[in-house]
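Numbering of the sequence shown is given in the working numbering, commencing with residue 35 and proceeding in unit increments.
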Amino acid sequence: MTWLAGAVVTGVALGMVATALLGVAAPEHLRRFLRGFASSARAHYLEMLVRVIAGAAFITYSPEMTPQDIFRLFGWIIVLTSAALLLVPWQWHRRFADIVIPVVVRHLPLYALVSLALAAFIVYGMMAPLS
Numbered sequence: 035m036t037w038l039a040g041a042v043v044t045g046v047a048l049g050m051v052a053t054a055l056l057g058v059a060a061p062e063h064l065r066r067f068l069r070g071f072a073s074s075a076r077a078h079y080l081e082m083l084v085r086v087i088a089g090a091a092f093i094t095y096s097p098e099m100t101p102q103d104i105f106r107l108f109g110w111i112i113v114l115t116s117a118a119l120l121l122v123p124w125q126w127h128r129r130f131a132d133i134v135i136p137v138v139v140r141h142l143p144l145y146a147l148v149s150l151a152l153a154a155f156i157v158y159g160m161m162a163p164l165s
């Protein structure tokens, strides 16, 4: 089970690197992707499923990471916020996205940089116990 959680955490880091690269190389593709968040009930529930899986992976794999408490907390934040979003109508998530996504799109280079930094922190967290 731990190896599967590690694979999911690795996938999250790779996704964040891809986000950063898209933000620089193909910003319009990233803008289109971001605008798809909570665009329908299906998109909302799919996003929540992916978030719960990712959060559970961080919780499960955190003992193998450094600093483990930070990554465990990160996982719980993802799981709990996803659970909260599952308890409200998906249209509320859509309204929130309508407010937040234009701000993110306006600051896309910063968003890409933060995604890359977070990916680097995740990779460091996975590799630090090996040294």
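Even for Gly, the Cβ is constructed at its ideal location relative to N, Cα and C. Predicted model, so just to flag it, every value in this text is computed and none were measured.
Helix, strand or coil, according to DSSP, for residue i in the structure here?
i, result
"G49", "helix"
"F155", "helix"
"S73", "coil"
"H141", "coil"
"M161", "helix"
"A60", "coil"
Among the options, which one has its Cα closest to the Cα of residue i?
i, options, result
"V84", "H63, S74, V42, L144", "V42"
"Y145", "L107, A39, A52", "A52"
"G49", "V148, H127, V134", "V148"
"Y79", "A59, W126, G109", "W126"
"A111", "F130, A91, R128, R129", "It is Ile, not Ala, that sits at residue 111 in the sequence shown. Looking at the Cα atoms, A91 is the closest of the given residues."
"A75", "F155, R129, A162, F108", "R129"
"D9", "I104, R65, M35", "Residue 9 lies beyond the stretch modelled for the chain, which goes from 35 to 165, so this question has no answer here."
Could you check whether residue j and residue i sit closer than 8 Å to each other, using their CB atoms as the reference points?
i, j, result
"V46", "A77", "no"
"M160", "S116", "no"
"I135", "F67", "no"
"G40", "L142", "no"
"L150", "A54", "yes"
Please confirm if residue i has its CB atom under 8 Å from at least one CB of chain D.
i, result
"L144", "Looking for chain D here will not work: only one protein chain is present."
If you scan the region 78 to 130 from start to end, which runs of the beta strand (DSSP E) of 3 or more residues do you find wholly inside it? none
Answer yes if the region 117 to 137 comes into contact with the region 96 to 106, meaning at least three C-beta pairs across the two stretches below 8 Å, and no otherwise. no
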